[in-house]
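In the working numbering, the protein residues as written are 3 to 394. Even glycine gets a Cβ: it sits at the ideal position worked out from N, Cα and C. Working notes, beginning with the structure itself.
Given below as structure tokens:
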């Protein structure tokens, strides 16, 4: 299929993008409601122990919030694009069990009342929480409610061969603690609610290439006690690419190149990057770090460990590719004959079962480097290879 095909498929593809923007905003609304409502927030932060913990279905309300958002996206997409419904993947299982051996599968029901009834069972009869959550799940969202570009382009996706990866609430600890800490470098936050993201990625199941990504920041800007979100998207299929108008089309790197990484990275890596002239900024949240690169607040995101998963990277990867960048394997590009194109992360099914260990299934085992500018990536690779040579 060509990147620009039939007008009918273009219309459906643009409608698909609009739907994903609206479902990402519905997910962001659920995340905001849980934080802003006193009753729901108490459920979020409390930790049940001992007799109180059992025999409940949900020991961790955050897990239910994740699952509910994940299932809401699946439900809304499945209604309009049923062929994709069986190829939507996420982090959480939607089956909950209690110590009595009972199980409940959390799925969006036909109407708000039925969904509230199901959630009430999972939440041990908490009708107040169940009804508030069900109301958000079944609320109609208009594309004009999404803080993004509403003048959407005609796209042409291979819808019949698309799969999706969802991370309902990326950066869990920041979502719960909510303490913002702004960095002195650029317009970035080291921690806090601004580092929380909803990540939706669409990939080609035949090639494994990411083709459409959405990153929704539920807590982008605060006005008094209320939060407003911000949504960014990007699309690349064949030679055709489009992205949010609010994302800069061209980035001119400053004198000091900015690398974002996790606080858990080794002191040796940080010091070597400093010595090579990079400004190193520790930032929380895989989705947020990739967003910082897409926005041009950072030049590169480096992760030397296998601590991210397909749902963390698929959406941001598509946006970065639309901007002329991408995400490559940290380990593969350090090899002497490492080919950049072959080192790009891939999302096809034969790449999503690399390990027999359930805990590492769908993991980006070899670390990653996210970038916008290929020349900056090549410079960094040389620095990292020299660092590795000294170590050996």
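Run through DSSP, which three-state label would residue i get?
i	result
residue 382	helix
residue 166	strand
residue 11	helix
residue 321	helix
residue 387	helix
residue 349	coil
residue 50	Note that residue 50 has pLDDT 47, beneath the 50 cutoff, so the model's placement of it is unreliable and the number below is only indicative. Coil.
residue 284	strand
residue 253	coil
residue 158	coil
residue 18	helix
residue 143	coil
residue 193	strand
residue 120	helix
residue 358	Summary for residue 358: the model assigns pLDDT 39, below 50, so the residue's position carries little reliability; its value from the coordinates is reported in the next sentence. In the structure shown, residue 358 sits in coil (DSSP, three-state: anything other than H, G, I, E or B).
residue 298	coil
residue 174	helix
residue 263	strand
residue 334	helix
With residue i as the anchor, note down where its alpha helix (DSSP H) starts and where it stops.
i	result
residue 201	Element bounds for residue 201: not the alpha helix (DSSP H) but the beta strand (DSSP E), 199-206.
residue 374	Counting along the chain, residue 374 falls outside any alpha helix (DSSP H), and DSSP gives it neither H nor E.
residue 105	Residue 105 -> not in any alpha helix (DSSP H); beta strand (DSSP E) instead, spanning 105-107.
residue 269	269-277
residue 330	No alpha helix (DSSP H) contains residue 330, which is instead part of the beta strand (DSSP E) from 328-330.
When DSSP builds the beta bridges, which residues end up paired with residue i?
i	result
residue 218	200 and 233
residue 224	229
residue 243	238
residue 184	191
residue 365	311
residue 98	106
With residue i as the anchor, note down where its beta strand (DSSP E) starts and where it stops.
i	result
residue 90	90-92
residue 83	It is not in any beta strand (DSSP E) - residue 83 carries neither H nor E in the DSSP assignment.
residue 306	Careful: residue 306 lies outside any beta strand (DSSP E) and carries neither H nor E.
Output needed for residue i: all residues of its chain with C-beta closer than 6 Å, excluding positions within five of it in sequence on either side, in chain order.
i	result
residue 208	163
residue 297	none
residue 243	324
residue 155	244
residue 380	none
residue 304	261, 263 and 371
residue 180	195
residue 12	156 and 158
residue 280	259 and 261
Skipping 5 residues on each side, what residues in its chain have a beta carbon closer than 7 Å to that of residue i?
i	result
residue 335	342, 345, 371 and 383
residue 65	94
residue 333	368 and 369
residue 183	191, 192, 193 and 194
residue 310	288, 366 and 370
residue 147	27
residue 47	178
residue 213	159, 204, 205, 206, 237, 238, 239 and 320
residue 51	Any reading at residue 51 is ruled out, since the residue's pLDDT is 49, under 50, leaving its predicted position unreliable.
residue 24	143, 145 and 148
Could you pull out every residue in the same chain whose Cβ sits closer than 8 Å to the Cβ of residue i, ignoring the five residues on either side in sequence?
i	result
residue 400	One cannot answer for residue 400 here, as it falls past the ends of the chain, which runs 3 to 394.
residue 21	78, 79, 82 and 83
residue 17	82
residue 268	306
Give a yes or no on whether the minimum CB-CB distance between residue i and chain C is below 8 Å.
i	result
residue 374	The structure shown contains no chain C; it is built from a single protein chain.
Regarding residue i and the ligand MG, is the C-beta to nearest heavy atom distance less than 7 Å?
i	result
residue 70	Looking at this structure, you won't find the ligand MG or any other ligand, since it has none at all.
(message) Tell me whether the stretch 272-280 and the stretch 193-211 touch, counting them as touching only if at least three CB pairs, one residue from each stretch, are closer than 8 Å.
(response) no
(request) Decide yes or no for the touch test of the stretch 341-350 against the stretch 289-305: beta carbon pairs closer than 8 Å, at least 3 of them. (result) no
(message) With three or more beta-carbon pairs closer than 8 Å as the criterion, would you say the stretch 299-314 touches the stretch 192-200?
(response) no
(message) When you compare the stretch 84-93 with the stretch 160-174, are there three or more beta-carbon pairs, one atom per stretch, that lie closer than 8 Å?
(response) yes
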